[in-house]
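Numbering-wise, the working numbering comes out as the position in the sequence shown, counting from 1, plus 3. Even glycine gets a Cβ: it sits at the ideal position worked out from N, Cα and C.
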Amino acid sequence: MKGKEMNKTIILTALLLIFLITAENAAIANEWLIENYSLDKKEINKGINRIVSGKTMVPVGLDVLDKRLYVHYVPNRMIGVTQWNVDLFNTVKSFNAGVDRHVAQGYIPVDLTVFGETMLVLFLKMKMKIDSWKWITTKVDGKEIAQGIKKFRNQGYVPSGITTFSNTFGILLIRPVTHQASTWQIGSYSRDASEIRKEILKEIAAGYTPFGLLTGSRITNVMLLKLENKSKPSPAASQTPTASQTPATSLTHIKSPTSNVSPTSTATLALKPEMLMGEISEFLSLLRANPEQASDIYITPEGKPGFMDISTLCGPAMKFLATGEVPMISWLGPSEAMVGLYHPWADLMLLTEWRASNFGAAIHSLELVTGDFLRNGGEPPYQIMPLWRQPGQGLPPEALRKTVSETGAAFRSIFRDALPGGKWRMELPAFRNATLLTANASLGALSLSRILKSFHALASEPDKKALAKELGKTMKMLGQGGIREILQKTGKGSAGSTSSAGSARYLQKTSASYWSQAQIMDLVTAREGALVFLNSPGSPWVFISLLFDLHDGRAKLQRIDLIDLPDGSFNQ
């Protein structure tokens with residue numbers, strides 16, 4: 004009897020041990036989990052729903068490897084998720100608009116991944132709230148990544164999402180208003196799921212919350228944040244946030260970007276003309292609104308130092324430089340192009356080298372040069388005054404058209420035989436002379452400054468009060484759809500101008516919305532008259548000139564003309 008009781012006790016003990024081990028394993032699994040799905044939105048949603056439906060685990064990061072989407076999960080008690088969403092974007096414009104739309108609805112973009120020409124973003128609604136987000140890129144280097152993040156930490160941003168594409172490291176930044184992150188780090192682990200789980204559990208026990216995921220053939224990276232509610236400050240929360248309180252070595256084991264990028268390399272990606280024009284338009288639109296964001300999204304790590312130098316040199320005029328830019332394109336190959344963004348009134352060009360990427364197109368290098376620099380083959384001297392304003396060039400509208408035509412011809416001539424792969428600087432010795440380039444760019448910045456000062460004078464100087472009043476009245480009428488009334492009053496118009504025969508018809512058909520967006524680009528004033536140039540964003544090849552008569556302290560609109568720039572000057 005005793006033997007039977009002993010056997011029974013042994014069996015019960017064994018069953019209890021099995022139960023405890025199973026329970027322990029289940030508990031571990033419920034602390035961190037990683038799964039993978041096919042790259043199909045329905046399958047992704049189905050897979051995530053299967054985990055989330057258990058009401059204990061929620062997705063916090065994702066990445067693509069070997070044509071599979073890996074998603075990792077943490078207990079919902081850690082972050083309090085109420086809703087989630089995964090969305091796909093195929094252009095930079097749709098990505099920006101899509102993230103803005105989700106943020107406006109209360110979602111937070113917590114991670115993203117790039118595969119092929121598609122960007123997939125994970126959005127969560129949770130206890131934490133944000134008021135802004137940013138997308139930045141750096142080189143795939145631990146120090147570069149840390150410096151890139153540090154730049155925005157003082158503004159309250161924290162990193163959440165990480166990805167790699169085209170030999171570039173992408174970072175998704177969010178700015179919480181309800182929480183703050185006292186510490187962040189990018190953990191590096193092996194590819195073994197059990198080892199990752201063990202290390203992640205240690206990080207969770209230390210107070211970190213896992214977010215962004217980066218998978219590789221040998222190394223897995225996870226973005227880790229220590230989040231603290233601002234309403235319950237702790238000693239750590241009261242300190243000024245730092246870029247990272249972890250050893251620098253924790254950022255040096257970032258996986259090679261090639262292990263996660265589509266097999267299609269940038270060398271074989273086609274840079275289609277319509278796509279390039281769309282990217283140029285979006286870049287200029289962003290540059291007018293927020294130069295820093297334009298740089299973060301469109302300029303590669305290699306090009307950022309050059310952009311920063313130009314931005315510092317131009318200052319507030321950088322936004323004006325992006326207004327009225329005429330794009331001139333010279334193709335370097337099927338996946339690369341030189342794009343000259345020409346500002347006719349300042350006679351200034353932003354030279355940009357564009358290359359196809361896994362997500363549209365990006366700028367790899369750039370220079371700011373004057374029109375004289377291009378027309379002279381890089382050789383000094385360079386004139387401060389734009390060519391179209393110099394004596395002997397004729398009436399300003401026609402001189403402007405002539406200057407654009409000559410500059411376009413010079414641009415095409417310089418880059419006609421340029422080689423791809425960043426070798427465009429070989430086309431002129433001056434492109435390799437840093438001292439000459441800096442001096443020339445400084446002259447260009449002075450030209451921009453001259454225009455902006457003339458705007459200030461128009462608004463503030465007493466002798467220009469009548470012109471400012473009449474110009475304001477004219478702009479208001481145009482914005483209200485009064486173009487026909489103005490043409491009748493002046494009795495003239497495009498029919499008598501030097502522009503094409505179709506200009507008159509175009510001017511008659513312009514809408515109020517076109518005029519309401521029009522901006523002053525430059526003005527030429529004399530004792531008895533003034534000429535004001537206008538441009539509406541989105542119409543870079545078409546400009547308007549307003550001629551005012553100035554007599555006896557009064558100003559009167561005498562003529563309105565449309566100036567269309569020469570056809571075929573911009574593409575090669």
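Point to revise | Terminal residues of the beta strand (DSSP E) in which residue 464 lies | key: That residue, residue 464, is in no beta strand (DSSP E); it is neither H nor E in DSSP.
Exercise for review: Using only alpha-carbon positions, find the residue among 185, 445 and 91 that is nearest to residue 233.
Suggested key: 185
Check your understanding: How many angstroms separate the CA atom of residue 238 from the CA atom of residue 330?
Key -> For residue 238, the predicted structure reports a pLDDT of 39, less than 50, and the residue's modelled location is therefore unreliable. A value from the coordinates is still provided. Going from the Cα of residue 238 to the Cα of residue 330 covers about 54 Å.
Point to revise | Complete runs of the beta strand (DSSP E) confined to the stretch 325-370 [at least 3 residues] | key: 329-336, 339-346 and 351-360
Point to revise | Beta-carbon separation (whole angstroms), residue 557 vs residue 462, contact threshold 8 Å | key: That belief does not hold up - the Cβ atoms of residue 557 and residue 462 are roughly 18 Å apart, past 8 Å.
Check your understanding: Contact check, residue 486 vs residue 518 under 8 Å by CB: the rounded distance?
Key -> That belief holds up - the Cβ atoms of residue 486 and residue 518 are roughly 7 Å apart, short of 8 Å.
Check your understanding: Using DSSP with H/G/I as helix, E/B as strand and the rest coil, what is residue 431?
Key -> Three-state DSSP puts residue 431 in coil, outside helix and strand.
Review point. Per DSSP, what kind of secondary structure is residue 64 in: helix, strand or coil?
Key: The three-state secondary structure of residue 64, taken from DSSP, is strand.
Practice item. Keeping to the same chain, check which residues put their C-beta closer than 6 Å to that of residue 179; ignore five residues upstream and five downstream. Key: 131 and 133
Review point. From residue 250 to residue 421, what does the alpha carbon distance come to, in whole angstroms?
Key: Residue placement at residue 250 cannot be trusted, given a pLDDT of 31 that sits under 50; the coordinates are not used to answer.
Review point. Which residue comes first and which comes last in the alpha helix (DSSP H) that contains residue 229?
Key: Careful: residue 229 lies outside any alpha helix (DSSP H), inside the beta strand (DSSP E) at 222-232.
Exercise for review: Hey, could you find the ends of the beta strand (DSSP E) residue 179 is sitting in?
Suggested key: Residue 179 -> beta strand (DSSP E) spans 171-179.
Check your understanding: So, helix, strand or coil for residue 41, using DSSP?
Key -> strand
Exercise for review: Check whether the Cβ atoms of residue 93 and residue 72 sit closer than 8 Å, and answer yes or no.
Suggested key: no
Point to revise | Straight-line gap, residue 272 to residue 436 (C-alpha atoms, nearest Å) | key: 32 Å
Review point. Secondary structure at residue 316, three-state DSSP: helix, strand or coil?
Key: helix
**Study point:** Opening and closing residue of the alpha helix (DSSP H) in which residue 96 lies
**Key:** Annotation: the continuous alpha helix (DSSP H) that includes residue 96 extends over 95-107.
Exercise for review: Could you check what DSSP says for residue 533 in three-state terms: helix, strand or coil?
Suggested key: Here residue 533 carries a strand assignment [DSSP, helix/strand/coil].
Check your understanding: With 16 as the cutoff for other CB atoms within 10 Å, does residue 383 come out buried or exposed?
Key -> exposed
Review point. Excluding sequence positions up to five away, which residues of its chain have a Cβ less than 6 Å from the Cβ of residue 139?
Key: Only residues of its own chain outside the window of five on either side were considered, and among them 151, 174 and 299 have a CB closer than 6 Å to the CB of residue 139, listed in chain order.
**Study point:** Cβ shell of residue 434 (< 6 Å), same chain only, five flanking positions each side left out
**Key:** 428
Point to revise | the stretch 449-467 touching the stretch 344-361, judged by at least three CB pairs closer than 8 Å | key: yes
Point to revise | Residue interval of the beta strand (DSSP E) (run including residue 184) | key: 182-193
Exercise for review: Quick one: using the 10 Å Cβ neighbour count with 16 as the cut-off for buried, is residue 375 buried or exposed?
Suggested key: buried
Check your understanding: Is residue 149 buried or exposed, if buried means 16 or more other CB atoms sit within 10 Å of its CB?
Key -> By the Cβ-count criterion, residue 149 is buried, with 16 or more other Cβ atoms from all chains shown falling within 10 Å of its own Cβ.
Review point. For residue 307, which of helix, strand or coil comes out of DSSP?
Key: Residue state, collapsed to three classes: helix.
Point to revise | Where the beta strand (DSSP E) through residue 211 begins and ends | key: Note, residue 211: premise wrong, no beta strand (DSSP E); not H, not E.
Exercise for review: In angstroms with no decimal places, state the Cα-to-Cα distance between residue 415 and residue 402.
Suggested key: 20 Å
Practice item. With DSSP collapsed to three states, give me the class of residue 505. Key: Note on residue 505: pLDDT 49, under 50, position unreliable in the model; the coordinate value appears next. Helix.
Practice item. Could you pull the start and end residues of the alpha helix (DSSP H) that residue 517 belongs to? Key: 515-519
**Study point:** Beta-carbon contacts of residue 531 that lie in its chain and below 6 Å, excluding the five residues immediately before and after
**Key:** 553
Check your understanding: Which partner residues does residue 558 have in the DSSP bridge list?
Key -> 553
Review point. Looking at the unbroken alpha helix (DSSP H) that takes in residue 290, where does it start and where does it end?
Key: Run containing residue 290: 276-292, per the alpha helix (DSSP H) assignment.
Check your understanding: Which first and last residues belong to the beta strand (DSSP E) in which residue 164 is found?
Key -> 161-168
**Study point:** Residue interval of the alpha helix (DSSP H) (run including residue 492)
**Key:** 486-493
Review point. Based on the DSSP output, what are the partners of residue 135 in its beta bridges?
Key: 178
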